[in-house]
Amino acid sequence: MPLIPVLEQKTIHDLLLVLDLAGAFVFAISGAMLGVRRNLDIFGILVLSFAASSAGGIARDLLIGAVPPAAISDWRYLAVALAAGLLTFFWYSLIARLRTAILIFDAAGLALFAVAGTQKALAYGLNPLMAALLGMLTGIGGGIVRDLLVARTPAVLRSDLYALAGAGVCFGLRLMAIRHGWNLPVARPIESEDERE
Amino acid sequence: MPLIPVLEQKTIHDLLLVLDLAGAFVFAISGAMLGVRRNLDIFGILVLSFAASSAGGIARDLLIGAVPPAAISDWRYLAVALAAGLLTFFWYSLIARLRTAILIFDAAGLALFAVAGTQKALAYGLNPLMAALLGMLTGIGGGIVRDLLVARTPAVLRSDLYALAGAGVCFGLRLMAIRHGWNLPVARPIESEDERE
Amino acid sequence: MPLIPVLEQKTIHDLLLVLDLAGAFVFAISGAMLGVRRNLDIFGILVLSFAASSAGGIARDLLIGAVPPAAISDWRYLAVALAAGLLTFFWYSLIARLRTAILIFDAAGLALFAVAGTQKALAYGLNPLMAALLGMLTGIGGGIVRDLLVARTPAVLRSDLYALAGAGVCFGLRLMAIRHGWNLPVARPIESEDERE
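Protein chains in written order, with the numbering used here: chain A, 1 to 197; chain B, 1001 to 1197; chain C, 2001 to 2197.
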């Protein structure tokens, strides 16, 4: 963190926040839909929404020592999760028709969280490999907790999402390269970036 | 924390401890009973007792950055959980007759933990809404982990305990109001408290 | 930590690392084998390897406030887990013949982790009883998460491993006695050690 100028910290922070909230929303919908299908009550559905949307980010924040986690200290995560949960609860038939869309939501949430998680881990000083791993764990954490809460083996462990996760990791590494680029002295030629990878 | 005078900190600390230990005891009994019904061995039963009694508090402490968590650093939580576990193991037939009582125990533990959790989160500087949420998560955390350990969907997500949890949140908010009252200058009229809510 | 001379800290650190990595390897194999038996894809198998090998250590590190946990900040834990996972994935038929060996691996991993966990908790200033408890929780944590990820009641809660866990605790207490011995002034007779226990 101390290596990044104040202005860029602000930009990175805003980017992280938007990615995180967007990921939280789509994961919350997937959590709420599972809750409805398993006949949970409204409270259970909202818990599943929040767990699906925040478990990954909370795990990441605990692991890098960023306590209290953003999902706990920032009310917007809760608001987004509850909004998605209530939306799904009251318009389930509408959202159920979007079944394929939900799968894409899930994958999008995974990718968004993987990028945001990688970026935040880098900002807290973890090395790139572990930051990418943490980004991936962050991405799949919400879905895993969501599935465990209804006592089923997490979908991400059964189906072929690993290619996507791999893509997320690559994306995270690319973002890292960009960040490294930000830190390069102006005189250094941009082409040298690829060599360092 | 720095806002509260030393004497009141002591009082709050004692109150938190008693609420926490009482909640731990009743949750440990519900954990041990589930363990016996699922034919776990004595070790499994004691693990379930401890997990049910401490998982919520441990989660709260990790989330607010109070490490090591009270349930780990204070032997009394372990002692209470093991006592409840052994009690249930050796006098199961007696305790099984108290089936309805157990459900009430469970609800009481949830309420006790919700209050203690809210109060501790407030003491660590979280804002009231998130403190109440954390109190609720604390309250249902033990029961969730207990149920997950025997691979079933947590009872709190299926049944209609949300009303109770809501009550717990209200109770936590009320406690908060009282605490805010403590911090009020003497000259300010008490009636203004409701307006701030 | 401040009580231990620098040289001994180094030795303890090395001992912890070797115990931890050895435990991580055997647990990762048990995780990967379960993944193969449950028809998880290669990504799921590797996640299960890492979860089984690192969940206990990560839980311990979070609870004692050692963030980021060793399993996240040190790439060797990941390398060991992935190696064990790939080994199991490509030579499953070979490893499946070693079924009894796997059970022994599992127990060995539990004991190794219990010792390493106890030692690290002591180094972070927890009292001996809680350090031993944390060592035991560390030892069984990986296996519990491994089993939960495929939605089954953790084996350690069902079968009679508690005697082994007990042995682990004893071993941890013994190590503690040794460490206390290191801190004894030379003039003090060794026989007094038993009395202090």
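C-beta: ideal position from N, C-alpha, C; glycine also.
Predicted model only: the values in this text are computed from it and were never measured.
Count the other CB atoms within 10 Å of the CB of T11(A); is the residue buried (16 or more) or exposed (fewer)? Exposed, since its Cβ has fewer than 16 Cβ neighbours within 10 Å.
Quick check: the Cα distance between F25(A) and S2093(C), rounded to an integer number of angstroms? 43 Å
Using a Cβ-Cβ cutoff of less than 6 Å, which residues in the same chain neighbour D106(A) once the five nearest sequence positions on both sides are dropped?
Cβ within range, chain order: S30.
Buried or exposed by the 16-neighbour rule on C-beta atoms within 10 Å, applied to A163(A): Its pLDDT being 49, under 50, A163(A) is placed unreliably in this model, and the value from its coordinates should be taken loosely. With fewer than 16 Cβ atoms within 10 Å of its Cβ, A163(A) is classed as exposed.
Exercise for review: Report yes if the CB atom of A151(A) is closer than 8 Å to the CB atom of A1151(B), and no otherwise.
Suggested key: yes
Could you give the DSSP three-state label for G2135(C): helix, strand or coil?
The three-state reading of DSSP puts G2135(C) in helix, counting H, G and I together.
Original post:
Beta-carbon of R2146(C) versus every beta-carbon of chain A: anything under 8 Å?
Top reply: no
How far does the alpha helix (DSSP H) with W1075(B) in it reach, from first residue to last? W1075 to F1090
Cβ of L2110(C) within 8 Å of Cβ of G2143(C)?
yes
query: So is A1151(B) in contact with chain C if we call contact Cβ pairs under 8 Å?
result: yes
**Prompt:** Helix or strand or just coil, what does DSSP make of V2115(C)?
**Reply:** helix
**OP:** Assuming S1073(B) and L2137(C) form a contact by the criterion Cβ under 8 Å, report the distance between their Cβ atoms to the nearest whole angstrom.
**Re:** Actually they are not in contact, since the Cβ atoms of S1073(B) and L2137(C) sit about 14 Å apart, beyond 8 Å.
Checklist line | Interface flag, R1196(B) vs chain C, CB-CB below 8 Å | finding: Its pLDDT being 38, under 50, R1196(B) is placed unreliably by the model, and the measurement read from it follows with that caveat. For R1196(B), the nearest beta carbon of chain C is not closer than 8 Å to its own beta carbon.
I'd like the list of long-range same chain contacts for A1121(B), defined as Cβ closer than 6 Å, with 5 residues on each side in sequence excluded.
Around A1121(B): I1064, A1131 and L1134.
Practice problem: Mark T1100(B) as exposed unless 16 or more other C-beta atoms lie within 10 angstroms of its C-beta, in which case mark it buried. | Solution: exposed
Item checked: Start and end residues, alpha helix (DSSP H) containing D61(A) -> Note, D61(A): alpha helix (DSSP H), I42 to I64.
Q. Using a Cβ cut-off of 7 Å, which residues of the stretch 1054 to 1067 of chain B contact any Cβ in chain A, in chain order?
A. Within the stretch 1054 to 1067 of chain B, the residues whose Cβ lies closer than 7 Å to any Cβ of chain A are, in chain order, L1062, L1063, I1064 and G1065.
*How big is the Cα-Cα spacing for R146(A) and V1156(B)?*
15 Å
> Taking Cβ to Cβ, would you say G139(A) is nearer than 8 Å to A55(A)?
Replying inline: no
Determine, using beta carbons only, whether P1154(B) comes closer than 8 Å to chain A. yes
_Chain-ordered chain B contacts of L2126(C) [CB-CB under 8 Å]_ = P1068, I1072 and S1073
Discussion item. Distance check for R2097(C) and P69(A), CA to CA, integer angstroms please.
Written reply: 45 Å
Review point. What is the rounded straight-line gap between the Cα of R60(A) and the Cα of F90(A)?
Key: CA-CA distance, R60(A) to F90(A), rounds to 31 Å.
### Query
Can you list, in chain order, the residues of its chain whose CB lies under 7 Å from that of L48(A), leaving out five sequence neighbours each side?
G31, A32, L34, G35, L40, R146 and L149
Q. Which of helix, strand or coil does DSSP assign to A2151(C)?
A. coil
Just tell me which of A108(A), R38(A) and A28(A) has its CA closest to the CA of T1153(B). Of A108(A), R38(A) and A28(A), the smallest CA-CA separation from T1153(B) is found for R38(A).
**Message:** Taking 8 Å as the threshold (C-beta atoms), are G2044(C) and L2112(C) in contact?
**Reply:** no
### Message
Nearest by alpha-carbon distance to L87(A): which of A28(A), I104(A), R76(A) and A123(A) is it?
### Response
The shortest C-alpha to C-alpha distance from L87(A) to any of A28(A), I104(A), R76(A) and A123(A) is the one to A28(A).
Please confirm whether V1026(B) has its beta-carbon closer than 8 Å to some beta-carbon of chain C. Look at V1026(B): its C-beta is not under 8 Å from any C-beta on chain C.
- How about A1071(B) and G1057(B): are their beta carbons less than 8 Å apart? yes
| query | DSSP three-state call for V1156(B): helix, strand or coil? | reply | Helix, per DSSP.
message: Can you pull out the residues from the stretch 16 to 46 of chain A whose beta carbon lies closer than 9 Å to at least one beta carbon of chain B?
response: G35, R38, N39, L40, D41, I42, F43, G44, I45 and L46
- Query: Comparing alpha-carbon positions, which option in S53(A), A108(A), A66(A) and I95(A) lies nearest R76(A)?
  - Reply: S53(A)
R97(A) in three-state terms, based on DSSP: coil
When DSSP labels each residue in this structure, what does P2128(C) get in the three-state scheme?
-> Looking at P2128(C) - three-state DSSP - the assignment turns out to be helix.
- Query: From A1123(B) to L78(A), what distance separates their C-alpha atoms?
  - Reply: 21 Å
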